[in-house]
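Trainee:
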Amino acid sequence: MVSVFLKSLLFFLIASPLAAEWTFDLEAAQKTAKEEKKAIYLVFVSTDSSGACQQLERRILSSEKFQSQAEEKFVLVKVDLPLKKRLQKESHQRMLDLAKRFGVGGVFPTSFYLDARGRPFYQENGVLSGGPEKYAVHLLGILQKRETRDEGLKAASKMSGLKKARALVDLLKPLPDEVVLNFYSQQMDELAKLDPEDTLKFRKEKVIGKAYADFEDAVKKVFHKDSYDQVVTLVDEFIGKHAPEGDLKQKVLFRKLAALNHGGNLEPAIKVADEIISIDEESSHGRFSAQIKEKIMKRLGR
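Under this note's numbering, residues 21 to 322 are what the sequence shown spells out, in order.
1) Residues in the same chain with beta-carbon distance under 6 Å from Val95, minus the five sequence neighbours each way, listed in chain order, please.
2) Per DSSP, which residues does Pro140 bridge with? Please list them.
3) Among all the DSSP beta bridges, which residues are the ones paired with Ile296?
4) Can you find the residues in the same chain that come closer than 6 Å, C-beta to C-beta, to Val255, ignoring five residues on each side of it along the sequence?
5) Tell me which same chain residues have a C-beta within less than 6 Å of the C-beta of Ser83, skipping the five on either side of it?
6) Is Thr168 helix, strand or coil by DSSP?
7) Taking only runs that begin and end inside the region 71–124, name each unbroken beta strand (DSSP E) of 3 or more residues, in chain order.
8) Since Lys191 is in the alpha helix (DSSP H), which residue starts that stretch and which ends it?
9) Is the Cβ of Lys313 closer than 8 Å to any Cβ of chain C?
10) Are Ile297 and Ala310 close, meaning C-beta to C-beta below 8 Å?
11) Secondary structure at Thr43, three-state DSSP: helix, strand or coil?
12) Please go through the region 229–266 and give each complete alpha helix (DSSP H) segment of 4 or more residues, from N-terminal end onward.
13) Kindly list the residues whose CB is nearer than 6 Å to the CB of Ala72, restricted to its own chain and excluding five residues on each side of it in sequence; keep chain order.
14) Out of Glu302, His305, Leu286, state which residue places its alpha-carbon closest to the alpha-carbon of Lys315.
15) For Thr219 and Pro196, I'd like the C-alpha separation in whole angstroms.
16) Taking the alpha-carbon positions, what's the Glu295 to Met208 distance?
17) Given Leu163, which residues of its chain have a CB within under 7 Å of its CB, disregarding the five upstream and five downstream residues?
18) Pro129 and Val199 - do their beta-carbons sit closer together than 8 Å?
19) Identify the residues that DSSP records as bridge partners of Val63: which are they?
20) In terms of residue numbering, what span does the alpha helix (DSSP H) encompassing Leu211 cover?
21) May I ask you to report which of helix, strand or coil DSSP gives Asn285?
22) Is the region 255–267 touching the region 220–237 in the sense that three or more CB pairs, one from each, lie closer than 8 Å?
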């Protein structure tokens, strides 16, 4: 005879919804999302180094209330990228590759909302206030942005020429550079045909944006090794290939100025400082360059 306790336990297990399981496998998540007609919630955290991520994990992501409500419309994917310790080489590299694909740098937590094809339609950083139920409601509200994007793409498909190009730019502009280039290549190809001279300057902006992120990664890898000549080479190559203007050119040249200054190449450093200042002496990089130049001049006794 089944005891009253066992009957009660059995009823509880049947009646209570099981919390969703987080996965790290984005491809599997896309398959599930297609089958169940859901979106994907992808969150990048680093719980071994970020207090905000630890708070998000403890307060929200591990909550059964959050998971059970969010899974009604989302497949849940979490990438916990350790910065202080290393996982097995293969797993760690997969995480790094995924973070790079989505343009995730050093800002954690970063959340992406994807359609079943894996295309992001919204991205946000940080931790929202409120408990797990409020957080789940927030996620469900974000789905409206997917509908807005889809309606926008449908409307753009009926347009032509620069009007269509502008409509596509309005839809893609809020998304990170890496996301646009990696997940919206079809729309970028359309823009190349609709606006071959890039009069809207959108394609160049996105390509340069991604190239600059790669440039910064490359500079960081060699700068701390005192490889200042390599930094100068990276700067010259970037400027030669992408011809940046304004603020971006100042930022790139500032890396060269820092490398020359640290390496003791003071005369060339003065010339680079002057070039940065000539672009915009009132900008932060313009002012910093003027200060560095003044210190160099004092070192040279001028």
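Quick reminder that beta carbons are idealized off the backbone N, C-alpha and C, glycines included.
Mentor: Inspection of the coordinates gives the following:
1) Counting from 1 along the sequence shown, the entry for residue 95 is found at position 75. So the qualifying residues of the chain are Ala49, Thr52, Ala53, Lys58, Ile60.
2) By 1-based counting over the sequence shown, the position of residue 140 is 120. Paired residue(s): Leu134.
3) As a first step, residue 296 must be located in the sequence shown, where it is residue number 276. Partner(s): none; Ile296 has no beta bridge.
4) Locating residue 255 in the sequence shown gives position 235, where the first residue counts as 1. So the list reads Val272, Arg275, Lys276, once near-sequence residues are dropped.
5) Counting from one through the sequence shown, the residue named residue 83 turns up at place 63. Cβ neighbours of Ser83 beyond the five flanking positions: Pro152.
6) Counting from 1 along the sequence shown, the entry for residue 168 is found at position 148. The three-state reading of DSSP puts Thr168 in helix, counting H, G and I together.
7) As far as the region 71–124 is concerned, its whole beta strand (DSSP E) runs of at least 3 residues are 94–100.
8) To locate residue 191, count along the sequence shown from 1; it is residue 171. The displayed chain sequence assigns Leu, not Lys, to residue 191. Leu191: member of the alpha helix (DSSP H) spanning 181–192, first to last residue.
9) Among the chains in the structure shown there is no chain C, since it carries only a single protein chain.
10) The sequence position of residue 297 within the sequence shown is 277, counting from 1. The sequence position of residue 310 within the sequence shown is 290, counting from 1. A Cβ-Cβ contact shorter than 8 Å links Ile297 with Ala310.
11) On the sequence shown, residue 43 is found 23 positions in, with the first residue counted as 1. The DSSP-derived three-state label of Thr43 is strand.
12) Runs found: 248–262.
13) As a working mapping, residue 72 is identified with position 52 in the sequence shown. The answer, listed in chain order, is Val147.
14) As a position in the sequence shown, residue 315 is number 295, starting the count at 1. When each option's Cα is compared against that of Lys315, the closest is Leu286.
15) Along the sequence shown, read from residue 1 onward, the residue named residue 219 stands at position 199. Along the sequence shown, read from residue 1 onward, the residue named residue 196 stands at position 176. Taking the straight line from one Cα to the other gives about 20 Å.
16) Taking the first residue of the sequence shown as 1, we reach residue 295 at position 275. Taking the first residue of the sequence shown as 1, we reach residue 208 at position 188. Looking at the backbone, the Cα of Glu295 and that of Met208 are separated by about 34 Å.
17) For the purposes of this step, residue 163 is taken as residue 143 along the sequence shown, with counting starting at 1. Apart from the 5 residues on each side of it in sequence, Leu163 sits with its Cβ closer than 7 Å to the Cβ of Ala59, Lys93 in its chain, given in chain order.
18) Here residue 199 is taken as the residue at index 179 of the sequence shown, counted from 1. Here residue 129 is taken as the residue at index 109 of the sequence shown, counted from 1. No, they are not a contact pair.
19) As a working note, residue 63 is residue 43 in the sequence shown. Beta-bridge pairing links Val63 to Lys98, Ser131.
20) The residue labelled residue 211 in the question sits at position 191 within the sequence shown. That run of the alpha helix (DSSP H) goes 205–214.
21) In the sequence shown, counting from the first residue as 1, residue 285 sits at position 265. In the structure shown, Asn285 sits in coil (DSSP, three-state: anything other than H, G, I, E or B).
22) Cβ pair count under 8 Å is three or more, so yes.
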